[in-house]
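First to last, the sequence lines map onto chains F and S.
If you're matching positions, the first sequence starts at 1 in the numbering used here and goes up one per residue.
If you're matching positions, the second sequence starts at 345 in the numbering used here and goes up one per residue.
Just so it is clear, CB atoms sit at the ideal spot from N, CA and C, and this is done for glycine as well.
Everything numeric in this text was worked out from a predicted model, so none of it was measured.
Only one structure is covered here, and it is reproduced in the block below.
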Amino acid sequence: MFIRSAASISPQASFSQLLAVPAAYTSNRLNCIEPDYAKILDPKLIRRMSHIIKMGVSAAMECLKEAGVENPDAIIAGTAYGCLADTESFLTKMVENKEELLTPTAFIQSTHNTVAAQIALMIKCHNYNNTFVHRGFSFENALLDAISLLQENEASTVLVGGVDEITNVSHEILSRFGLYKKDPVSNLEIFNSPSKGTIDGEGAAFFLLSKQASGKDYAKLDAVYTFFKPEGIDEVKMNIENFLLSQAINVSDIDLIIQGRNGDVRNDLIYSNIGQKLFPGKTIIDYKHLCGEYPTSSAFALWLAANILKTGKIPYQALENPKKILFYNHYQNIHHSLYLLSAC
Amino acid sequence: MSAPVFIAGTGIISAIGNNTAENLASLEQEKAGMGEMRFLNSIHRQRLPVAEVKHSNSELAEMAEMPAHVSRTALLSAIAAKEALADAAIENFHELRTGFISANTVGGMDKTENFFPEFLSNHARGRLRSVVHHECGAVTELVADKLAIKNYVSTISTACSSSANSIFCGARLIKQNILDVVIAGGTDALAKFTLNGFNTLMILDNKYCQPFDENRRGLNLGEGAGYVVLVSEKVAAKLAKKPACTLSGYCNANDAYHQTASSPEGTGSFLAMKGAMQKSNIKPADISYINLHGTGTQNNDIAEGTAIKLLFEKDFPPMSSTKSFTGHTLGASGGVEAVFSVLSIQHGLIYPNLRFQTQMKELPFAPETKFSKGNQVNHVLSNSFGFGGNCSSLIFSKT
Chain F
1 MFIRSAASIS PQASFSQLLA VPAAYTSNRL NCIEPDYAKI LDPKLIRRMS
51 HIIKMGVSAA MECLKEAGVE NPDAIIAGTA YGCLADTESF LTKMVENKEE
101 LLTPTAFIQS THNTVAAQIA LMIKCHNYNN TFVHRGFSFE NALLDAISLL
151 QENEASTVLV GGVDEITNVS HEILSRFGLY KKDPVSNLEI FNSPSKGTID
201 GEGAAFFLLS KQASGKDYAK LDAVYTFFKP EGIDEVKMNI ENFLLSQAIN
251 VSDIDLIIQG RNGDVRNDLI YSNIGQKLFP GKTIIDYKHL CGEYPTSSAF
301 ALWLAANILK TGKIPYQALE NPKKILFYNH YQNIHHSLYL LSAC
Chain S
345 MSAPVFIAGT GIISAIGNNT AENLASLEQE KAGMGEMRFL NSIHRQRLPV
395 AEVKHSNSEL AEMAEMPAHV SRTALLSAIA AKEALADAAI ENFHELRTGF
445 ISANTVGGMD KTENFFPEFL SNHARGRLRS VVHHECGAVT ELVADKLAIK
495 NYVSTISTAC SSSANSIFCG ARLIKQNILD VVIAGGTDAL AKFTLNGFNT
545 LMILDNKYCQ PFDENRRGLN LGEGAGYVVL VSEKVAAKLA KKPACTLSGY
595 CNANDAYHQT ASSPEGTGSF LAMKGAMQKS NIKPADISYI NLHGTGTQNN
645 DIAEGTAIKL LFEKDFPPMS STKSFTGHTL GASGGVEAVF SVLSIQHGLI
695 YPNLRFQTQM KELPFAPETK FSKGNQVNHV LSNSFGFGGN CSSLIFSKT
């Protein structure tokens with residue numbers, strides 16, 4: 001499948017900015033650098049939209065615009081947490097007002113399909129519309145659904161994306177679960193001082209996929225593969241090897257590996273193990289210091305990979321013009337995903 | 345991609361029964377599941393009837409063989425999914441490529457909303473055990489683990505069309521030869537969050553709902569779970585009990601009109617039904633029965649009715665909304681109604697639309713009012729439409 005366009009809203013301003021000077025934070029929480037939404041969306045609509053809707057819809061609109069596609073054959077979103085701010089808002093008022101004097105707006109916008117629905121509404125798209133909400137597989141399931149629609153010839157262009165937001169409440173509750181580092185850290189240093197916990201992240205990334213090459217594609221998405229709750233490192237290794245085998249490629253064919261380390265020592269052990277066993281001597285880069293950890297961060301990684309293949313430039317690396325990228329991420333050692341991409 | 349997808353088993357729990365047989369008996373006896381809230385603790389208890397599953401969480405936990413503190417959404421899901429799997433009786437199930445695709449709209453919200461008052465009073469308080477399964481996907485995973493399904497686990501949330509979409513996706517994975525067996529459907533437990541949300545929209549009926557009636561007042565919320573076991577032709581051929589039907593058609597379309605309201609002409613509904621028939625390669629006249637989305641709200645029923653009027657022209661098949669029995673089970677409704685559609689084909693059943701009195705003046709047809717068996721039911725169209733304009737239709741066909 002060809003990635004005709006890619007757009008993202010993330011804690012990084014843009015790919016060129018990221019190459020020049022990656023945005024640095026001293027925090028255990030990375031929030032998105034938001035664009036001037038009034039340039040992308042109708043200002044009347046912006047007022048009513050929550051953070052996640054603005055991010056998701058804007059990334060989607062930018063993506064469609066870049067691809068020159070007005071009405072895609074399908075719109076598919078992946079989100080693990082959905083519209084948290086609206087959910088919390090309605091829930092808080094419900095508790096505080098003891099189920100009385102409530103207004104519908106937050107409830108209406110709290111449903112998980114709001115982003116995909118708002119995109120459809122905005123461009124009057126009556127085609128296939130779906131939302132996957134399966135934790136660390138939310139974006140992967142959306143992506144696999146997009147690929148299968150294209151393979152079935154049910155669609156020739158699919159808009160697919162991943163989106164999740166941080167709210168103060170979600171950050172506090174997830175912090176109580178021990179997910180994040182206790183003290184503020186420099187995001188660019190998280191791999192240099194290993195400790196427990198990661199940094200919270202958020203973002204929206206959308207892609208226009210097509211079976212046909214357009215001549216200006218970012219990259220080719222060769223394959224997407226997921227595996228669930230592996231029993232040990234050997235099962236992880238076996239899955240990665242089988243994936244490469246199914247794509248008929250050797251490790252030597254891969255120029256660059258993007259991995260999902262998040263700075264949490266327990267979490268990252270799997271990557272060091274796999275790296276040593278399967279990819280000795282390979283160029284491996286991380287991405288979660290740039291966007292933070294969240295269940296759909298792999299959408300940011302796909303955006304990063306697509307941009308690397310398009311421009312030939314890799315953040316922090318002298319290596320140029322990679323032709324093949326392997327992406328490997330796991331979310332809490334439950335949801336593991338692999339993508340293979342090639343330069344066009 | 346014309347490989348057929350068979351329905352090998354069904355599982356359901358709703359306000360009208362704990363399993364397929366009990367639901368079938370209630371449908372036949374025209375016994376609705378609505379009543380005063382017993383398990384949901386809301387200030388609207390006296391005013392808003394709901395269609396609750398008639399068991400406490402601890403009773404459901406025993407049936408599900410799960411701890412009683414997990415979300416009711418997961419307990420309902422586990423009970424129905426286990427029944428579906430047992431009903432399919434696939435001998436070598438664990439040697440096959442299996443998937444569990446479950447839908448829900450608010451995940452473990454029933455627990456989160458009990459955590460919140462304490463949390464709001466002090467952000468360091470509230471038991472974390474209550475929010476650990478808040479995510480929609482977490483509910484699915486609890487049940488996937490219970491069923492020991494690992495190859496493909498997914499959750500879909502497209503409001504009230506959610507579980508029609510999970511059945512649709514499951515069928516595609518089988519057609520593509522990615523999986524051999526998929527347990528697909530959805531679950532939702534009643535939650536104060538949802539009840540109050542629908543209440544603010546002023547679309548809840550304070551009496552028992554009357555779908556497709558001129559004097560309809562709104563919907564009753566329900567809860568439950570419904571799953572079908574989808575299998576490939578190869579798996580179907582080895583089953584002791586031959587599947588009675590296939591999922592022959594499906595379509596997902598978007599109304600693209602309003603976040604919560606349907607367009608007056610029912611554009612999304614029309615496209616979904618039409619697309620599903622095209623996929624099945626059948627004409628409107630071939631449809632034996634329509635299981636309506638039929639929520640009982642002013643807006644849904646006129647939009648859906650108008651789309652049917654347009655699409656079927658004059659050959660209106662028997663139709664009814666079984667939400668008059670189960671209430672609107674939201675993310676579970678597509679699964680619950682898929683089970684009813686399969687039963688309709690298996691036993692030649694047409695279900696009544698309870699409490700129907702007056703035909704809608706805009707429509708040239710009225711829903712069925714009596715339960716009947718022994719009908720020749722070849723193709724059942726099942727509609728699921730939701731917020732966000734998400735419209736999906738499924739067609740089940742006799743083998």
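When DSSP builds the beta bridges, which residues end up paired with residue i?
i	result
SER728 (chain S)	S:SER736
ASP557 (chain S)	S:GLN703
GLN259 (chain F)	F:ASP286 and F:TYR328
ARG391 (chain S)	Bridge partners of ARG391 (chain S): none, in fact.
ARG266 (chain F)	For ARG266 (chain F), which the question treats as bridged, DSSP gives no partner whatsoever.
CYS313 (chain S)	For residue 313 (chain S) there is no data in the structure shown, the boundaries of chain S being 345 and 743.
GLY162 (chain F)	F:GLY78 and F:ALA205
THR157 (chain F)	F:SER210
TYR128 (chain F)	F:ALA74
Using a Cβ-Cβ distance cut-off of 8 Å, determine whether residue i contacts chain F.
i	result
GLN603 (chain S)	yes
LYS494 (chain S)	yes
HIS388 (chain S)	yes
GLU479 (chain S)	yes
SER613 (chain S)	no
ALA569 (chain S)	no
PRO708 (chain S)	no
PRO461 (chain S)	yes
HIS413 (chain S)	no
If we define contact as Cβ-Cβ less than 8 Å, is residue i a contact residue for chain S?
i	result
VAL57 (chain F)	no
GLU293 (chain F)	no
GLU99 (chain F)	yes
THR198 (chain F)	no
PRO104 (chain F)	yes
HIS336 (chain F)	no
ASP145 (chain F)	yes
THR92 (chain F)	yes
TYR345 (chain F)	Because residue 345 (chain F) is not part of the residues shown, which for chain F are 1 to 344, the question remains open.
Would you kindly work out how many angstroms separate the C-alpha atoms of residue i and residue j, rounded to a whole number?
i	j	result
ASN362 (chain S)	ALA424 (chain S)	8 Å
CYS125 (chain F)	VAL265 (chain F)	45 Å
MET49 (chain F)	LEU41 (chain F)	10 Å
SER474 (chain S)	ASN466 (chain S)	15 Å
ASN458 (chain S)	PHE537 (chain S)	10 Å
SER346 (chain S)	LYS519 (chain S)	7 Å
ASP268 (chain F)	ARG471 (chain S)	29 Å
ILE334 (chain F)	VAL497 (chain S)	11 Å
LEU712 (chain S)	VAL95 (chain F)	According to the sequence as given, residue 712 (chain S) is Glu; it is not Leu. Rounded to the nearest angstrom, the two C-alpha atoms are 42 Å apart.
ALA306 (chain F)	PHE2 (chain F)	10 Å
ALA142 (chain F)	LEU725 (chain S)	26 Å
PHE614 (chain S)	LEU326 (chain F)	43 Å
LEU429 (chain S)	SER664 (chain S)	28 Å
LEU464 (chain S)	VAL169 (chain F)	10 Å
GLU462 (chain S)	SER668 (chain S)	37 Å
GLY640 (chain S)	ASP630 (chain S)	26 Å
Below 8 Å on C-beta distance, what does residue i contact in chain C?
i	result
ARG471 (chain S)	Reference to chain C is not applicable here, since the protein chains of this structure are F and S.
Going along the chain, which residues of its own chain have a beta-carbon closer than 7 Å to the beta-carbon of residue i, five neighbours each way excluded?
i	result
CYS63 (chain F)	SER5, ALA6, ALA7, LEU159, PHE206, PHE207 and LEU208
PHE227 (chain F)	ASN239 and HIS336
ILE9 (chain F)	CYS32, GLU34, PRO35, MET55, SER58, ALA59, GLY203 and ALA204
GLU805 (chain S)	What the structure shows of chain S is the stretch from 345 to 743, and residue 805 (chain S) is not part of that stretch, so it cannot be assessed.
GLN603 (chain S)	PHE731 and GLY732
SER510 (chain S)	ILE445, SER446, ALA447, ILE500, ALA528, GLY529 and GLY530
Among the residues of its own chain, which have a CB less than 6 Å from the CB of residue i, if the five just before and after it don't count?
i	result
THR650 (chain S)	GLU609 and GLY610
ALA106 (chain F)	ASP86, SER89 and PHE90
Between residue i and the rest of its own chain, which residues show a CB-CB distance below 8 Å, the 5 nearest in sequence each way excluded?
i	result
LEU539 (chain S)	LEU384, SER386, HIS388, LEU392, VAL394, LEU548 and LEU565
ALA605 (chain S)	ASN643
| task | Please list the residues of the segment 166-186 of chain F that have a C-beta atom closer than 7 Å to any C-beta atom in chain S, keeping them in chain order. | result | So the list reads GLU172, ILE173, ARG176 and PHE177, given in the order they occur along the chain.
| task | Check each residue of the segment 213-246 of chain F: if its Cβ is closer than 7 Å to any Cβ of chain S, include it; give the result in chain order. | result | Within the segment 213-246 of chain F, those residues whose Cβ lies closer than 7 Å to any Cβ of chain S are, in chain order, PHE228 and LYS229.
| Using Cβ-Cβ distances below 9 Å, what residues of the segment 122-139 of chain F are close to chain S? | Answer in chain order: MET122, ILE123, LYS124, CYS125, HIS126, ASN127, TYR128, ASN129, ASN130, THR131, PHE132, VAL133, HIS134, ARG135, GLY136, PHE137 and SER138.
| query | When you check each C-beta in the segment 511-537 of chain S against every C-beta of chain F, which residues fall closer than 7 Å? | reply | Listed in chain order, the positions of the segment 511-537 of chain S with a beta carbon within less than 7 Å of a beta carbon of chain F are CYS513, ARG516, GLN520, LYS536 and PHE537.
| Residues within the segment 719-742 of chain S neighbouring chain F, beta-carbon criterion of under 8 Å | Going along the segment 719-742 of chain S in chain order, one finds GLY730, PHE731, GLY732, GLY733 and ASN734 with a Cβ nearer than 8 Å to chain F.
| Which residues, in order along the segment 146-165 of chain F, keep a beta-carbon less than 8 Å from a beta-carbon of chain S? | Taking 8 Å as the Cβ-Cβ cut-off against chain S, the residues of the segment 146-165 of chain F that qualify are SER148, GLN151 and GLU152.
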